[in-house]
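Numbering (this note's numbering), first residue to last: 797 to 1425. Cβ atoms here follow ideal geometry from the backbone N, Cα and C, with glycine treated the same way.
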Amino acid sequence: MPIRLFSALRQRLLTPLVRLGGGMPVHQQAALRESERHFRAMYELAPLAYQSLDAAGGILDVNAAWLELFLRHKEEVIGRFIGDFLTEASQAVLDERFVSFKRDNHTEGNVFEIVRSDGTRRLVTVNGRVARGDDGTFLCTHCILTDITERLEQERQLRLAASVFEHANEAIAITDANANIVTVSPRFTEITGYAPEEVIGRNPRILQSGRQDAAFYRAMWSALTSDQGHWSGQIRNMRKDGSHYPEWLSVSAVRNDAGVTTNYVAIFTDLSERVAAEQAIRASEQRYRTMFESAPEGVWIIGADARTLEVNQHLCDLLGYAREDLLGKEPTDFTDAENTRIFEEQKNRRETTHRRDYEIALRHRDGHNIPVHFSATNLYDEGGTLAAALAFVTDISERKMHEREMRRLYEELEQRVAERTRALQTANRELEAFSYSVSHDLRAPLRAINGFSHALEEEYGSLLDDNGKSYLSRVRAGSERMGELIDDILELSQLSRREMDIVPLDLSALANDVARELHDGEPLRKVEWILAPGLRARGDAVLLRVVLMNLLGNAWKYTARCVRAKIEFGLGETQGHQAFFVRDNGAGFDMAHVGKLFGAFQRLHSPADYPGNGIGLATVARIAFYFTL
């Protein structure tokens, strides 16, 4: 309204001036000049900036408020284009709006950014009217400029404050001077559960949990009503649902220029998660401390500068020092020269090796060295920089003692093996001599006995009575029996001198070959063979064939008197291990003599019932023993 009145007044006063000189009486001209003088005084003293432009936008006139706004002198602006005092963006707006301004004869609320003489910028609104003659001819513009820079900044600050109020992570409650709530932020509702309409007009005591006594609140209000006008601290309040929660509360008194309290602003943060996190951290620290102290080995935390940051009691006990004696010291303070060199070498590997395991000796407080296993792992900060090393120190004194004992026993064993090897070599030489003696020295008499007994039977058999013939037959049978025993002894002795050739074998196929060979020797016998297929093993083919020939041959021999003989070969489990077996339903033996079963020349049945020399199972036992070497 003041702008329109001001424009109308100027239009009314200026319009007669245009027609001045048209024969106006002198007293009227004097009155007009007086009126213009009053207008000029009012125009110059007006608090609002005024400008008048011609049709091209040139400045015709400005008042003192305009010059103060632009920081200009009147002589430097009159006649200049108004756009010269605008920013480039506002000049573009002016080009468009000035045309419509002249067409519509008025403009309101246009915002332009001006550039003052010191280079600073201000935002202004322009409201104006166009002055025209009686015939409608354009005379000039009358415009009022209002500086809105501070207002816009205040509005921005208000919007920012509103945004902060709406989106703050902390809850905000504002009360009047009587402590009645006038507004709350959305976060207030999220934390307490109260909607704004449920708390506005009410006292914040609705949030009290009863965990703070009256003295607590008296101290709070004493601080708020003091010159400081502020209180903050941790408090426990109650939500709408009755649950309690910890919060950090900060309350400030808002006072006007006269120092009178007009409002209170309370800002609080729900500490539930933080308190829970702190409790979890304390529990974690306690667990860490418990594990740290109860670890069955020494724990040594060494900083990047190689100085001790922390140790557990086990390490203190191991080295004989108190914890205070170790903190701040370097590991090399507890080693001799040789082990210091080891530590230095490992320290130089920290940048390239994340974990280092090595053995070293630490010096006990009493001066003796303790062999330990040192396992160090790098610890890094958030930036990836080496911060410390965590080392587990294990006393290996007992292990070292056992290792020394093992070395002693190993050396002793090697010595015994060497002695046994020499004894075995001597025994083998004696066995070879014995074998030679058996094969040559014993066979010669047997051949003589066999030869002369045969000649005696052929040339003088007719002269012998029945007893003589029987004696002669027994002599020949005995010599033949002796020859068989010599062959068995030689075969058994040769097993110990044979080199084994270990290869993968099909035992099922080998067993089938032996069974076929036994059956071919006595084709009329009826035997049920149950030979498991697909049985494979690694061994010497010749020796394993000897084993199967003896075991299956025994089964074949001792089932000779069975009506329905059955012989099995398969794979079973005994004492937690898999083992091959041969089983039959033939003649058994007295378990009291089981210890003799695999002895040489040991027989559990009469030769008259089951022929043999008692050497087969001894051969099997010897082969089995060789496979264990």
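Residue span of the alpha helix (DSSP H) that contains residue i, given as start and end
i     : result
E904  : Run containing E904: none in the alpha helix (DSSP H); it sits in the beta strand (DSSP E), 902-911.
K1353 : 1337-1354
V1359 : Neither: V1359 is in no alpha helix (DSSP H) and is coded neither H nor E.
I987  : 982-988
F1088 : 1068-1090
E951  : 945-963
R759  : This structure cannot speak to residue 759, because the chain is shown only from 797 to 1425.
A860  : 860-866
M1016 : 1010-1020
Residues near residue i in its chain [Cβ-Cβ closer than 6 Å; skip 5 each side]
i     : result
E909  : T883, S886, R917, L919
H902  : R925
A1420 : none
A1157 : N1135, N1165, P1167
Y990  : K1036
F897  : T903
Rounded C-alpha distance that separates residue i from residue j
i     : j     : result
A1417 : L1339 : 11 Å
M1387 : V1359 : 24 Å
E1208 : H1198 : 15 Å
E993  : F984  : 12 Å
V873  : A860  : 12 Å
H775  : H1373 : Here the chain covers residues 797 to 1425 and nothing more, so residue 775 does not appear.
S981  : S1080 : 36 Å
L954  : G1006 : 37 Å
D1336 : D1302 : 11 Å
I1426 : A1414 : This structure does not reach residue 1426, given that the chain is present from 797 up to 1425, and the question cannot be answered.
L956  : S1090 : 56 Å
M1202 : H1164 : 23 Å
F1188 : E1155 : 12 Å
V1168 : L1045 : 55 Å
I1166 : K1196 : 10 Å
L1268 : L1259 : 12 Å
I1098 : N965  : 41 Å
G1180 : T1149 : 14 Å
Y1084 : D1132 : 32 Å
A1100 : S1193 : 29 Å
V1271 : S1249 : 7 Å
G932  : G905  : 25 Å
W1017 : A1011 : 10 Å
S913  : F866  : 7 Å
V922  : V907  : 6 Å
L1327 : S1275 : 39 Å
L941  : A958  : 29 Å
G1368 : L1331 : 11 Å
G818  : C939  : Low local confidence applies: a pLDDT of 45 at G818 is under 50, so the model's placement there is unreliable, and no value is given.
V1299 : A1333 : 8 Å
D1009 : D1023 : 24 Å
R1357 : E1318 : 13 Å
E1106 : L1122 : 8 Å
Beta-carbon contacts of residue i that lie in its chain and below 7 Å, excluding the five residues immediately before and after
i     : result
G1354 : At residue 1354 the sequence reads Tyr, which differs from the Gly that was named. So the qualifying residues of the chain are D1380, G1382, A1383, Y1406.
A1351 : I1363, V1378, D1380, G1382
V858  : Y846, Q847, K870, V873
L856  : S848, L849, D850, C936
F894  : G853
Sequence-distant residues of the same chain with beta carbon closer than 8 Å to residue i, five excluded per side
i     : result
N976  : G997, R998, N999
T1058 : D972, A973, V1050, R1051, N1052
L948  : L919
R987  : Checking the displayed sequence, the identity of residue 987 turns out to be Ile instead of Arg. The answer, listed in chain order, is A967, R1035, Y1041, E1043, F1064, D1066.
R1103 : G1124, K1125, E1126
Y1176 : L1182, A1183
K1322 : R1360, A1361
Residue i CB to nearest heavy atom of the ligand FMN below 8 Å
i    : result
R983 : Annotation note on the ligand FMN: not contained in the displayed structure, which lists no ligands.
Host beta strand (DSSP E) of residue i (start-end)
i     : result
P992  : Counting along the chain, P992 falls outside any beta strand (DSSP E), though it belongs to the alpha helix (DSSP H) covering 992-995.
E1043 : 1040-1051
A781  : There is simply no residue 781 to check, as the chain begins at 797 and stops at 1425 in what is shown.
R771  : Residue 771 is absent from the model: the chain starts at 797 and stops at 1425.
S848  : 845-849
V1323 : 1323-1327
S1028 : 1026-1034
Within-9 Å CB hit, residue i to chain B
i     : result
G1368 : Structure shown: chain B not included; a single protein chain is present.
Taking only runs that begin and end inside the segment 1099-1176, name each unbroken beta strand (DSSP E) of 3 or more residues, in chain order. Listed in chain order, they are 1104-1107, 1151-1159, 1165-1176.
How about the segment 946-961 and the segment 1038-1045: do they share at least three Cβ pairs that are nearer than 8 Å? No, the segment 946-961 is not in contact with the segment 1038-1045.
Inter-stretch contact at 8 Å, needing at least 3 Cβ pairs: the segment 1204-1219 / the segment 1176-1191: The answer is no - the segment 1176-1191 does not touch the segment 1204-1219, with fewer than three Cβ pairs under 8 Å.
So does the segment 1111-1123 actually touch the segment 1068-1077, counting three or more Cβ pairs closer than 8 Å? With a cut-off of 8 Å, the segment 1068-1077 and the segment 1111-1123 do not count as touching, because too few Cβ pairs lie within range.
Three-pair Cβ contact test at 8 Å for the segment 925-936 versus the segment 1019-1033: These segments do not touch.
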